[in-house]
Each structure stands twice: as C-alpha cells, then as structure tokens.
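Peer 1: Pasting in a structure now, in structure tokens, and then I'll have a few things to ask.
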Amino acid sequence: MAEAERIIGTPDVGDAAPESVPPRGRRRIAALLTVAVLAYLLDLGSKMLVVAKLEHQAPIEIIGDLLKFEAVRNPGAAFGFGEAFTIIFTIIAATVIVVIVRIARKLYSLPWAIALGLLLGGALGNLTDRIFRSPGVFRGAVVDFIAPAHFAVFNLADSAIVCGGILIVLLSFKGLDPDGTIHKD
787 MAEAERIIGT
797 PDVGDAAPES
807 VPPRGRRRIA
817 ALLTVAVLAY
827 LLDLGSKMLV
837 VAKLEHQAPI
847 EIIGDLLKFE
857 AVRNPGAAFG
867 FGEAFTIIFT
877 IIAATVIVVI
887 VRIARKLYSL
897 PWAIALGLLL
907 GGALGNLTDR
917 IFRSPGVFRG
927 AVVDFIAPAH
937 FAVFNLADSA
947 IVCGGILIVL
957 LSFKGLDPDG
967 TIHKD
C-alpha cells in the first residue's frame with residue numbers, strides 16, 4: 787500500500803521524504819488562477835459600481851459611523867502616503883505579478899495557491915487602476931471606497947493583498963513551501 791500511496795503523491799506516514807525533492811501530485815496553477823480571477827473581478831466590479839453610483843455623492847453609512855462606503859481616488863499607497871510615487875507603486879505591482887507567475891511553475895501547495903491567487907488578483911486590480919484611470923497611464927489613482935472609522939479607506943484589491951500576505955506569513959511559520967515541502971527549522 788505504501789508504494790501505491792507514493793505513486794499518487796501521498797507519502798506513507800512512516801516515510802520521510804527528503805526536503806530537496808518536491809512532492810508528487812498536481813500542480814495548483816488552476817486554483818491560483820481561479821482565486822486571482824475571482825478577486826480581480828470582484829474588485830473591478832465593485833470599483834465600477836462605486837464610480838457609477840457613489841462618486842461625487844455623499845458617503846453611505848453601512849454601520850453608523852463605524853463603516854461607510856465613500857468614493858476616494860488614491861494616487862498613493864495605504865493611508866494616502868506616497869502620492870508622488872504612483873509610478874513606483876505601478877512598478878512594484880508589476881514586479882509582484884511577475885514573481886507570482888515565476889513561483890507558479892513550482893506550485894504544488896493548495897494553501898500557497900490561494901495566498902498567491904489573492905495577491906495576484908489584488909495586484910492586478912490596483913494595477914488596472916494605475917494604468918487605465920485618470921490622470922493617465924501609470925499615474926492613475928486607485929478607487930478606494932471601504933471607509934472604516936479611524937482607518938484608511940481601501941478597496942477589495944487591498945483586502946485580497948492583505949489576506950494573501952497574512953496567509954503567506956502563516957504558511958511560512960508552519961514551514962510549508964510553495965512546492966509542498968514541509969521543513970522544520
């Protein structure tokens with residue numbers, strides 16, 4: 787039975803696979819792409835709705851003063867920092883996308899696929915704004931609209947990036963690598 791389990795990619799409990807050998811099994815590129823497309827489409831759709839219905843309107847109170855929907859154009863990063871560095875944020879987003887595509891070739895871990903899919907979808911969502919929104923190509927302002935009290939206004943792409951980042955940190959602490967290997971330090 788141990789040989790059959792080894793062939794389909796599930797190691798026997800007693801077997802210790804060397805850390806340098808990636809596990810056998812299916813690559814998780816489809817999961818990464820599914821999560822990325824879903825995150826991207828939710829972000830894009832929400833921003834289109836905000837621009838069409840909420841921009842130049844009074845904020846909508848969702849939970850009293852605790853949470854509002856308020857259309858804001860943000861040329862900088864979180865908390866409005868770095869407004870003069872829009873091109874830098876565009877380059878960073880493009881670099882993140884390239885790195886994720888390169889990592890995807892060795893991706894065998896479903897949790898990593900989800901985390902990287904969230905990062906990819908979020909980066910694509912904000913990169914789309916930076917390229918296609920005014921004031922111009924690579925200088926566009928990101929549409930933010932989720933406004934919690936005493937916090938920065940953000941969007942669904944930002945949420946996907948933060949959730950993906952948190953998941954990556956947790957996976958790293960657990961010792962799980964994108965190729966599915968588990969290491970203990």
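Numbers in the working numbering are just positions in the sequence shown, counted from 1, shifted up by 786.
Cβ atoms here follow ideal geometry from the backbone N, Cα and C, with glycine treated the same way.
(1) Taking only the alpha-carbon atoms, compute the straight-line gap between A790 and Y826 and give it to the nearest angstrom.
(2) Who does D930 pair with in a DSSP beta bridge?
(3) Could you tell me which residues DSSP pairs with L962 in its beta bridges?
(4) Would you call D915 buried or exposed, if buried means 16 or more other Cβ atoms sit within 10 Å of its Cβ?
(5) Indicate the three-state DSSP secondary structure (helix, strand or coil) for L853 in the structure shown.
(6) Taking Cβ positions, are A857 and F875 nearer each other than 8 Å?
(7) From the DSSP output, in three-state form, read off E847 for me.
(8) Between the region 838-855 and the region 911-925, are three or more C-beta pairs nearer than 8 Å?
(9) D944: buried (16+ other C-beta within 10 angstroms of its C-beta) or exposed?
(10) Considering just the uninterrupted stretch of the alpha helix (DSSP H) at F918, what are its terminal residues?
(11) At the level of alpha carbons, what is the spacing between A901 and G951?
(12) In terms of residues, what are the limits of the alpha helix (DSSP H) holding R888?
(13) Across which residues does DSSP place F940 in a beta bridge pair?
(14) Just how far apart, CA to CA, sit D992 and P934?
(15) Which residues mark the beginning and the end of the alpha helix (DSSP H) in which A817 is found?
(16) Can you tell which of R812, G961, S895, I932 has the C-alpha that lies nearest to the C-alpha of I848?
(17) Using the Cβ count rule (16 or more neighbours within 10 Å means buried), how would you classify F940?
Peer 2: With the structure as the only source:
(1) Only weak support exists for where A790 lies, its pLDDT of 41 falling under 50; the coordinates are left without a value.
(2) Looking at the DSSP output, D930 sits in a beta bridge with V858.
(3) I968
(4) buried
(5) The answer is strand: DSSP assigns L853 an E or B state.
(6) It is not a contact, given that the beta carbons lie outside the stated cut-off.
(7) strand
(8) no
(9) buried
(10) 896-918
(11) 7 Å
(12) 872-890
(13) Answer is I932, bridged to F940.
(14) With the chain covering 787 to 971 only, the question about residue 992 has no answer from this structure.
(15) 815-839
(16) I932
(17) buried
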